[in-house]
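Have a look at the structure below before the remarks.
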Amino acid sequence: MSNDVSHVSGMKEISSPRFAAFYTWMIDQPLVRRGFDPLRRETVGQAQGVVLEVGAGGGQNFPFYDQSRVVRVEAVEPDEAMLVEARRRLTAASIPIPLTRAPLEVL
Numbered sequence: 021m022s023n024d025v026s027h028v029s030g031m032k033e034i035s036s037p038r039f040a041a042f043y044t045w046m047i048d049q050p051l052v053r054r055g056f057d058p059l060r061r062e063t064v065g066q067a068q069g070v071v072l073e074v075g076a077g078g079g080q081n082f083p084f085y086d087q088s089r090v091v092r093v094e095a096v097e098p099d100e101a102m103l104v105e106a107r108r109r110l111t112a113a114s115i116p117i118p119l120t121r122a123p124l125e126v127l
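Structure representation (structure tokens):
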């Protein structure tokens, strides 16, 4: 289930489908993954408890959260197109990750 606070007064609608598609394609390339996955594993692997992931993008960090250390991740992303990609990656997560569409300023 996705939360959406796009109705907040003054919030500019953000959706960049071309960028989201290109970024997702690029970040999934084997050479790029070989470089980024170890960094994600190291950084995200240190998370514990309830985590706030600001600017979740396409959810590339989701598979790296350790279910023995993290209770849940609250993921926030302002771009609707990136949230579409993030929703696809929820199946790779071993913990609950509610997604919220909002810029950080409204939290």
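For the sequence shown, the numbering used here begins at 21 and goes up steadily by one. Glycine residues also receive a C-beta, built at the ideal position from the N, C-alpha and C atoms. Here the structure is a predicted model, which means the values were calculated and not measured.
Provide the residue span of the beta strand (DSSP E) that contains glycine 79, from first to last.
For the purposes of this step, residue 79 is identified with residue 59 of the sequence shown, where counting begins at 1. Counting along the chain, glycine 79 falls outside any beta strand (DSSP E), and DSSP gives it neither H nor E.
If we ignore side chains and look at the alpha-carbon of each, how far apart do proline 123 and glycine 69 end up?
What you label residue 123 is simply residue 103 of the sequence shown in a count that begins at 1. What you label residue 69 is simply residue 49 of the sequence shown in a count that begins at 1. Each residue's Cα considered, the two are about 23 Å apart.
Just to confirm the assignment, what range does the alpha helix (DSSP H) spanning alanine 41 have?
As a working note, residue 41 is residue 21 in the sequence shown. 37–47 is the extent of the alpha helix (DSSP H) around alanine 41.
Within 10 Å of its beta-carbon, does alanine 112 have 16 or more other beta-carbons around it, so buried, or fewer, so exposed?
By one-based count along the sequence shown, residue 112 stands at place 92. Exposed is the call here.
Return no unless some Cβ of chain D is closer than 8 Å to the Cβ of proline 37.
Within the model displayed, chain D is absent; a lone protein chain is all it includes.
Excluding five sequence neighbours on each side, which residues of the same chain lie with their C-beta closer than 7 Å to the C-beta of phenylalanine 84?
Numbered from its first residue, the sequence shown carries residue 84 at position 64. Answer for phenylalanine 84: Arg60, Arg61, Val64, Gly65, listed in chain order.
With the cut-off set at 8 Å, would you say leucine 96 and valine 71 are in Cβ contact?
Here residue 96 refers to the residue found at position 76 when the sequence shown is read from its first residue. Here residue 71 refers to the residue found at position 51 when the sequence shown is read from its first residue. Looking at the sequence provided, one finds valine at residue 96 rather than leucine. Their beta carbons are not under 8 Å apart, which means valine 96 does not touch valine 71 by this criterion.
List the endpoints of the continuous alpha helix (DSSP H) containing alanine 106.
Counting from 1 along the sequence shown, the entry for residue 106 is found at position 86. Residues 100–109.
Could you check what DSSP says for glutamate 97 in three-state terms: helix, strand or coil?
Counting from one through the sequence shown, the residue named residue 97 turns up at place 77. Reduced to three states, the DSSP call for glutamate 97 is strand.
Would you mind sorting methionine 102 into buried or exposed? The rule is 16 or more other CB atoms within 10 Å of its CB.
By one-based count along the sequence shown, residue 102 stands at place 82. Methionine 102 comes out buried.
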